[in-house]
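> Structure incoming, see below.
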Amino acid sequence: PLPRVIIIQLKRFTFDDSNNKIHTFVRYPLQNLNIGKYLAQTSTNDTFYNLIAISVHTGSSQSGGHYTTYAKNNDQSEWYLFNDSFLEPVEKKIQDKQLLTKHAYVLVYQKTEIS
1 PLPRVIIIQL
11 KRFTFDDSNN
21 KIHTFVRYPL
31 QNLNIGKYLA
41 QTSTNDTFYN
51 LIAISVHTGS
61 SQSGGHYTTY
71 AKNNDQSEWY
81 LFNDSFLEPV
91 EKKIQDKQLL
101 TKHAYVLVYQ
111 KTEIS
């Protein structure tokens, strides 16, 4: 069986003398990531995952910057921004703009059943 949670780390840094950050935007779905097309053997049912958390790195290099995390609450309805010692809800009207960012570093997806 496939895992309940998938964690994807995006390559954001070059590993040379500069250690520069890679700022390329990577397209990723907030809902319904179908991993069936990436598997060697596919089952009769497609397997879908929804995004439940994103770690974000702002800064220009591996040696500096700041990490924040966006995560959904347990009932999967609200997104929250975790930033050092505070957390705040993400407004629905600007949610996609904040969640779909070129600064995404780690994506956490949870398995869901779609009928």
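Going by UniProt numbering, the first residue of the sequence shown is number 1, and it counts up by one from there. The C-beta atom is built at its ideal place from N, Cα and C for all residues, glycine as well.
1) Out of curiosity, what's the CA-to-CA distance linking Glu-78 and Lys-93?
2) Using CA coordinates, which residue listed in Lys-11, Arg-27, Ile-52 is at the minimum distance from Val-5?
3) Helix, strand or coil, according to DSSP, for Gln-31 in the structure here?
4) Taking the continuous beta strand (DSSP E) assigned at Gln-9, which residues delimit it?
5) In angstroms with no decimal places, state the Cα-to-Cα distance between Glu-91 and His-23.
6) In the DSSP assignment, what residue or residues form a beta bridge with Ile-54?
7) For Gly-59, I'd like the list of residues in its chain whose CB is within less than 8 Å of its CB, leaving aside the five on either flank, ordered along the chain.
8) Using DSSP's beta-bridge definition, name the partner residues of Leu-87.
9) Quick one: give me the first and last residue of the beta strand (DSSP E) that Gln-110 is part of.
10) Compute the Euclidean distance between the alpha carbons of Asp-46 and Ala-104, then round it to the nearest angstrom.
11) Please state whether the Cβ-Cβ distance between Leu-107 and Ile-8 is less than 8 Å.
Let me lay it out:
1) 12 Å
2) Ile-52
3) coil
4) For Gln-9, the enclosing beta strand (DSSP E) stretches over residues 5–9.
5) 25 Å
6) Partner(s): Tyr-70.
7) Lys-21, Gly-65, His-66
8) Phe-82
9) 104–112
10) Rounded to the nearest angstrom, the two C-alpha atoms are 26 Å apart.
11) Yes.
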